[in-house]
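Below: one structure, written as structure tokens.
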Amino acid sequence: MSMGTLVMRKIFSLVRIILSCLKRVLCCLKRRRGSETLPFIASRDHPSARYQLDPAESANQWDSWSNKPFTNVVEEKIDEYRRKKMEMMSQQENPPEEPDFFTDMQPNVKRTRKAFVGSTSGSMDAKKENLFAFKDDLVPFTANSNELGDLDETPTNNEDSWDTHIDIDDVDDLLKEQRRRERLEKQRARLAEHERRMAEKRSMHLKIVAVVYYLYIL
Numbered sequence: 012m013s014m015g016t017l018v019m020r021k022i023f024s025l026v027r028i029i030l031s032c033l034k035r036v037l038c039c040l041k042r043r044r045g046s047e048t049l050p051f052i053a054s055r056d057h058p059s060a061r062y063q064l065d066p067a068e069s070a071n072q073w074d075s076w077s078n079k080p081f082t083n084v085v086e087e088k089i090d091e092y093r094r095k096k097m098e099m100m101s102q103q104e105n106p107p108e109e110p111d112f113f114t115d116m117q118p119n120v121k122r123t124r125k126a127f128v129g130s131t132s133g134s135m136d137a138k139k140e141n142l143f144a145f146k147d148d149l150v151p152f153t154a155n156s157n158e159l160g161d162l163d164e165t166p167t168n169n170e171d172s173w174d175t176h177i178d179i180d181d182v183d184d185l186l187k188e189q190r191r192r193e194r195l196e197k198q199r200a201r202l203a204e205h206e207r208r209m210a211e212k213r214s215m216h217l218k219i220v221a222v223v224y225y226l227y228i229l
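The opening residue of the sequence shown carries number 12 in our numbering; numbering runs sequentially from there.
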């Protein structure tokens with residue numbers, strides 16, 4: 012791009028800016044002239060002329076005042092509220108009877124019959140008297156003199172009837188036998204587990220051999 016073209020472009024841009032500014036100035040002048048040339052009319056109205064009425068029309072208005080009485084909205088609302096309140100109070104004084112759905116569900120309690128088995132009250136009283144009565148035949152000894160008698164220290168229980176002797180050797184033998192049985196059970200369980208594992212290994216070995224043989228044939 013040469014130097015001459017750049018200079019020409021700058022000159023054209025300056026000319027366009029100047030022309031746009033002149034155009035705006037001319038538009039503003041035209042608007043101002045147009046507003047100055049508009050007609051201005053001032054209307055004057057007398058204030059007393061606004062409120063002048065026909066005397067016949069005003070008389071009719073005053074006569075119709077008695078025909079249509081003034082109604083206050085607030086009083087009407089108050090009367091309506093009172094009327095509704097009276098209706099609600101009358102409904103509350105005479106409420107409708109509601110059906111009772113739980114009368115059939117009340118349980119019927121009946122007393123269970125008691126049967127007394129045994130003797131009558133007279134025999135029971137006699138038994139009670141016999142239990143708390145003092146008997147002379149239960150006294151261990153009787154002393155006619157003022158001195159104390161000899162106390163019988165012979166044991167009432169027979170020791171021979173009780174097996175107080177315990178053989179320790181028999182207990183040891185029983186414990187040994189029980190331990191031997193436990194060892195045998197553990198050995199059997201171990202043998203069964205070993206046989207099960209060996210059977211699993213054999214079955215796995217046979218499967219591997221079968222797969223290898225099948226692949227070899229193919």
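Backbone N, C-alpha and C fix where the C-beta goes; we use that ideal spot for every residue, glycine too.
If you draw a straight line from the Cα of V220 to the Cα of R213, it comes to about 11 Å. The same chain holds no residue with a CB closer than 7 Å to that of I29 once the five nearest residues on each side in sequence are set aside. The beta carbon of D181 sits closer than 6 Å to none of the beta carbons in its chain outside the five residues before and after it. Pairing V84 with M99, the inter-Cα distance amounts to about 23 Å. Residue range 179-228 is occupied by the alpha helix (DSSP H) that includes R201.
C-alpha of Y225 to C-alpha of H216: approximately 14 Å in a straight line. In the three-state reduction of the DSSP assignment, V128 falls in the coil class, being assigned neither a helical nor a strand state. Between P110 and V128, the alpha-carbon positions lie close to 49 Å from each other.
Straight across, the Cα-Cα distance linking L37 with R20 is about 26 Å. Annotated three-state conformation of M99 is helix, per DSSP. Pairing K41 with K34, the inter-Cα distance amounts to about 11 Å.
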